[in-house]
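K.L.:
Residue numbers (the numbering used here), protein chains in the order written: chain V, 5 to 371; chain B, 19 to 109.
Virtual Cβ for every residue (Gly too), placed ideally from N, Cα, C.
From a predicted model like this one, the values you see are computed outputs, not experimental measurements.
Input: one structure, supplied below.
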């Protein structure tokens, strides 16, 4: 039973890979775009890159049914990768503990600036948000390397099943929402989701969540906005610019505003949710601090014990940190999928492709 | 001077409170969306997964205006007072 269960996803994987490869082969420009955009959040795409080659030679390389005894070196590398995945967060926590100035009570402040690098236009400030988001990227990268190690065409290790489930879910989500043409977007969407979710969840470790900084999410939104614009331009730049003059040319300023509003609203939605979660949980912590002082204030030795701050805020952070952060990651990914798909002028694009092909054929006939 | 600072701080707090009136809209909208989702799940229990997913996305979208208001309120409470005090005292 277990074996069949394992075989099914890998077969599905194979099916999933081939049409995607076909779609990308017929549309090399899109392929180039996707890979270029995935280079930045390289983590998930690295996972994808490892997965697809292994699932391709299913028929050619029959794997042994019994798992080979795992060698010491393999085990060592596994452990090393897991440690490396956890290390960035630990390093961030240590950094935070070392650099946070001592303060009385509970307070809310923005990201702490660690150091500034002099730059021609404006000094580049490296703050907590950048450091933690880099830590998240590194952690996801090592986690993916760990999960994709030792994949085999007929493997039924737990790791491979997890890996195939994740990749299959991302593929299915993108296929459902964007259609077959954009199936190559799965790594990008998965990377955005993983980054956003892990960034929001890093507040559970007491770190500054990078998603509550406008700059981090703004960068993602600008990336998505560039993608949207590129795909809108697929039907020709003239067609794209003409879109601003609809329905009348008087509407042009309004159209420009609504175009700019897309990344702005995406940013504010995500940041606002996470930031409000942080603010509310901090305020609740302060209130509980006051309450425990009120209750225990008269007792000499217990005066400084924050009795009500033990455990109670954790229940509230279930909603404000866990649920809200994950939901916003999902919403961000869904919206970017939606905007890219709806902005793409399919008829115009096909028309152009046909024209190009006809032109090429004519040239070939001439020569 | 102190009066000016007090007025500025009080107005910041008042503004934050007034800004959060905008929370009414998303609350009504989300309540309606969730109610409709429950009704449709009751009618077609097999479509629960799709309906729930779509409902969450819709709720995330409907929240936007409330989040804008919240953002302004947070700015007014945590950022603006320092700025005003610095402006008034000339420091």
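Ordered along the chain, which non-local residues of its own chain (more than five positions away) have a Cβ less than 6 Å from that of residue 88 of chain V?
P.N.:
Counting from one through the first chain, the residue named residue 88 of chain V turns up at place 84. So the list reads 146, once near-sequence residues are dropped.
K.L.:
On the CB-based measure, 16 or more other CB atoms within 10 Å of its CB, does residue 304 of chain V come out buried or exposed?
P.N.:
Looking up residue 304 of chain V in the first chain gives position 300. By the neighbour-count criterion, in which 16 or more other beta carbons inside 10 Å mark a residue as buried, residue 304 of chain V falls on the exposed side.
K.L.:
Does residue 32 of chain B get closer than 9 Å to chain V when you measure Cβ to Cβ?
P.N.:
Taking the first residue of the second chain as position 1, residue 32 of chain B is located at position 14. Cβ-Cβ to chain V under 9 Å: no for residue 32 of chain B.
K.L.:
Between residue 91 of chain B and residue 358 of chain V, what straight-line distance do the alpha-carbon atoms span, to the nearest angstrom?
P.N.:
Position 73 of the second chain, counted from the first residue, corresponds to residue 91 of chain B. Position 354 of the first chain, counted from the first residue, corresponds to residue 358 of chain V. Straight-line spacing of the CA atoms in residue 91 of chain B and residue 358 of chain V works out to 53 Å.
K.L.:
Could you name the residues of the region 256–276 of chain V whose beta carbon sits closer than 7 Å to any beta carbon of chain B, in the order they occur along the chain?
P.N.:
269, 272, 273 and 276
K.L.:
I'd like to know whether the C-beta atoms of residue 260 of chain V and residue 248 of chain V end up nearer to each other than 9 Å.
P.N.:
Within the first chain, numbered from 1, the residue matching residue 260 of chain V stands at position 256. Within the first chain, numbered from 1, the residue matching residue 248 of chain V stands at position 244. Yes, Cβ-Cβ distance for residue 260 of chain V and residue 248 of chain V is below 9 Å.
K.L.:
What are the start and end residues of the beta strand (DSSP E) that includes residue 118 of chain V?
P.N.:
Within the first chain, residue 118 of chain V is the residue found at index 114, counting from 1. Residues 117–121.
K.L.:
When you compare the CB positions of residue 214 of chain V and residue 329 of chain V, do they come within less than 9 Å of one another, or not?
P.N.:
Locating residue 214 of chain V in the first chain gives position 210, where the first residue counts as 1. Locating residue 329 of chain V in the first chain gives position 325, where the first residue counts as 1. Result no, Cβ atoms of residue 214 of chain V and residue 329 of chain V do not sit closer than 9 Å.
K.L.:
Any beta carbon of chain B sitting closer than 9 Å to that of residue 126 of chain V?
P.N.:
Position 122 of the first chain, counted from the start, is the residue given in the question as residue 126 of chain V. Cβ-Cβ to chain B under 9 Å: no for residue 126 of chain V.
K.L.:
To which residues does DSSP link residue 128 of chain V through a beta bridge?
P.N.:
Residue numbering aside, residue 128 of chain V sits at position 124 when the first chain is read from its first letter. DSSP output for residue 128 of chain V lists V:121 as bridge partner(s).
K.L.:
Please return the same chain residues whose Cβ sits closer than 8 Å to the Cβ of residue 285 of chain V, not counting the five positions on each side in sequence.
P.N.:
Here residue 285 of chain V corresponds to residue number 281 of the first chain, with the count starting at 1. When the five nearest sequence neighbours on each side are left out, the beta carbons in the same chain lying within less than 8 Å of the beta carbon of residue 285 of chain V are those of 317, 320, 321, 324 and 325, in order along the chain.
K.L.:
What would DSSP say about residue 303 of chain V, mapped onto helix, strand or coil?
P.N.:
Here the question's residue 303 of chain V lines up with position 299 in the first chain. In the structure shown, residue 303 of chain V sits in coil (DSSP, three-state: anything other than H, G, I, E or B).
K.L.:
Give, in chain order, every residue of the region 42–76 of chain B whose Cβ lies closer than 7 Å to some Cβ of chain V.
P.N.:
Only 74 and 75 from the region 42–76 of chain B bring a Cβ to less than 7 Å from some Cβ of chain V.
K.L.:
Could you check if residue 149 of chain V is buried or exposed, using at least 16 other CB atoms within 10 Å of its CB as the buried criterion?
P.N.:
As a working note, residue 149 of chain V is residue 145 in the first chain. Under this definition residue 149 of chain V is a buried residue.
K.L.:
Would DSSP call residue 240 of chain V helix, strand or coil?
P.N.:
Within the first chain, the letter at position 236 stands for residue 240 of chain V. Residue 240 of chain V falls in the coil class under three-state DSSP.
K.L.:
Once the 5 residues before and after residue 142 of chain V are set aside, which same chain residues still bring their CB inside 7 Å of it?
P.N.:
Along the first chain, read from residue 1 onward, the residue named residue 142 of chain V stands at position 138. The residues are 92.
K.L.:
Please look up how many angstroms separate the CB atoms of residue 43 of chain B and residue 78 of chain B, rounded, as I've assumed it's under 8 Å.
P.N.:
For this step, residue 43 of chain B is matched to residue 25 along the second chain. For this step, residue 78 of chain B is matched to residue 60 along the second chain. 15 Å between Cβ atoms; not a contact.
K.L.:
Check the Cβ-Cβ distances between residue 338 of chain V and every residue of chain B, and say whether any is below 9 Å.
P.N.:
Numbered from its first residue, the first chain carries residue 338 of chain V at position 334. For residue 338 of chain V, the answer is yes, since a Cβ of chain B falls inside 9 Å of its Cβ.
K.L.:
Between residue 103 of chain B and chain V, is the shortest Cβ-Cβ distance under 9 Å, so that the two count as touching?
P.N.:
Here the question's residue 103 of chain B lines up with position 85 in the second chain. No, residue 103 of chain B does not count as interfacial toward chain V.
K.L.:
For residue 353 of chain V, report the span of its alpha helix (DSSP H) as first-last.
P.N.:
The sequence position of residue 353 of chain V within the first chain is 349, counting from 1. Note, residue 353 of chain V: alpha helix (DSSP H), 350–370.
K.L.:
Does residue 170 of chain V get closer than 9 Å to chain B when you measure Cβ to Cβ?
P.N.:
Position 166 of the first chain, counting from 1, holds the residue named residue 170 of chain V. Taking Cβ atoms only, chain B never reaches closer than 9 Å to residue 170 of chain V, which makes this a no.
K.L.:
Less than 8 Å between the CB atoms is what I'm expecting for residue 144 of chain V and residue 202 of chain V, so what's the real figure, rounded?
P.N.:
Numbered from 1 along the first chain, position 140 holds the residue referred to as residue 144 of chain V. Numbered from 1 along the first chain, position 198 holds the residue referred to as residue 202 of chain V. That belief holds up - the Cβ atoms of residue 144 of chain V and residue 202 of chain V are roughly 6 Å apart, short of 8 Å.
K.L.:
Leaving aside the five residues before and after residue 197 of chain V along the sequence, list all residues of the same chain whose C-beta is less than 6 Å from its C-beta, in chain order.
P.N.:
Position 193 of the first chain, counted from the start, is the residue given in the question as residue 197 of chain V. The answer, listed in chain order, is 333 and 337.
K.L.:
Using only the alpha-carbon positions, how far apart do residue 168 of chain V and residue 154 of chain V sit?
P.N.:
On the first chain, position 164 is the one that residue 168 of chain V refers to. On the first chain, position 150 is the one that residue 154 of chain V refers to. Spanning the two alpha carbons is a distance of roughly 13 Å.
K.L.:
I'd like to know if the region 124–135 of chain V and the region 214–233 of chain V are in contact, where contact means that at least 3 CB-CB pairs between them fall below 8 Å.
P.N.:
yes
K.L.:
What residue range is occupied by the uninterrupted alpha helix (DSSP H) comprising residue 36 of chain B?
P.N.:
Here the question's residue 36 of chain B lines up with position 18 in the second chain. Residues 20–37.
K.L.:
Specify the secondary structure class of residue 309 of chain V as computed by DSSP and reduced to three states.
P.N.:
For the purposes of this step, residue 309 of chain V is taken as the residue at position 305 of the first chain. In this structure, residue 309 of chain V counts as coil in the three-state DSSP scheme.
K.L.:
Taking only the alpha-carbon atoms, compute the straight-line gap between residue 311 of chain V and residue 327 of chain V and give it to the nearest angstrom.
P.N.:
For the purposes of this step, residue 311 of chain V is taken as residue 307 along the first chain, with counting starting at 1. For the purposes of this step, residue 327 of chain V is taken as residue 323 along the first chain, with counting starting at 1. The alpha-carbon atoms of residue 311 of chain V and residue 327 of chain V are separated by roughly 26 Å.
K.L.:
Hey, is residue 358 of chain V's beta-carbon within less than 9 Å of any beta-carbon in chain B?
P.N.:
Here residue 358 of chain V is taken as the residue at index 354 of the first chain, counted from 1. Answer no: the Cβ-Cβ gap between residue 358 of chain V and chain B never drops below 9 Å.
K.L.:
Rounded to the nearest angstrom, how far is the Cβ of residue 89 of chain B from that of residue 272 of chain V, given a contact under 8 Å?
P.N.:
For the purposes of this step, residue 89 of chain B is taken as residue 71 along the second chain, with counting starting at 1. For the purposes of this step, residue 272 of chain V is taken as residue 268 along the first chain, with counting starting at 1. That belief holds up - the Cβ atoms of residue 89 of chain B and residue 272 of chain V are roughly 6 Å apart, short of 8 Å.
K.L.:
Quick one: grab the DSSP three-state call for residue 134 of chain V.
P.N.:
Working through the first chain from its first residue, we reach residue 134 of chain V at position 130. Helix, per DSSP.
K.L.:
Roughly how many angstroms separate the alpha carbons of residue 72 of chain B and residue 164 of chain V, rounded to a whole number?
P.N.:
Position 54 of the second chain, counted from the start, is the residue given in the question as residue 72 of chain B. Position 160 of the first chain, counted from the start, is the residue given in the question as residue 164 of chain V. When rounded, the distance between both Cα atoms is 30 Å.
K.L.:
Leaving out the 5 sequence neighbours to the left and right, which residues in its chain are closer than 6 Å to residue 46 of chain V when beta-carbon positions are compared?
P.N.:
Mapped onto the first chain, residue 46 of chain V falls at position 42. A caution first: residue 46 of chain V carries a pLDDT of 41, below 50, which makes its placement in the model unreliable, though a value can still be read off. Counting only Cβ-Cβ distances below 6 Å, and skipping sequence neighbours, we find nothing.
K.L.:
What is the DSSP secondary structure of residue 86 of chain V, reduced to helix, strand or coil?
P.N.:
Residue mapping note: residue 86 of chain V aligns to position 82 of the first chain, counting from 1. In the structure shown, residue 86 of chain V sits in a helix (DSSP, three-state: H, G or I).
K.L.:
Helix or strand or just coil, what does DSSP make of residue 263 of chain V?
P.N.:
Against the first chain, residue 263 of chain V aligns to sequence position 259. Here residue 263 of chain V sits in helix by DSSP.
K.L.:
Could you check whether the Cβ of residue 82 of chain B sits closer than 9 Å to any Cβ belonging to chain V?
P.N.:
Numbered from 1 along the second chain, position 64 holds the residue referred to as residue 82 of chain B. Yes, because at least one Cβ of chain V sits closer than 9 Å to the Cβ of residue 82 of chain B.
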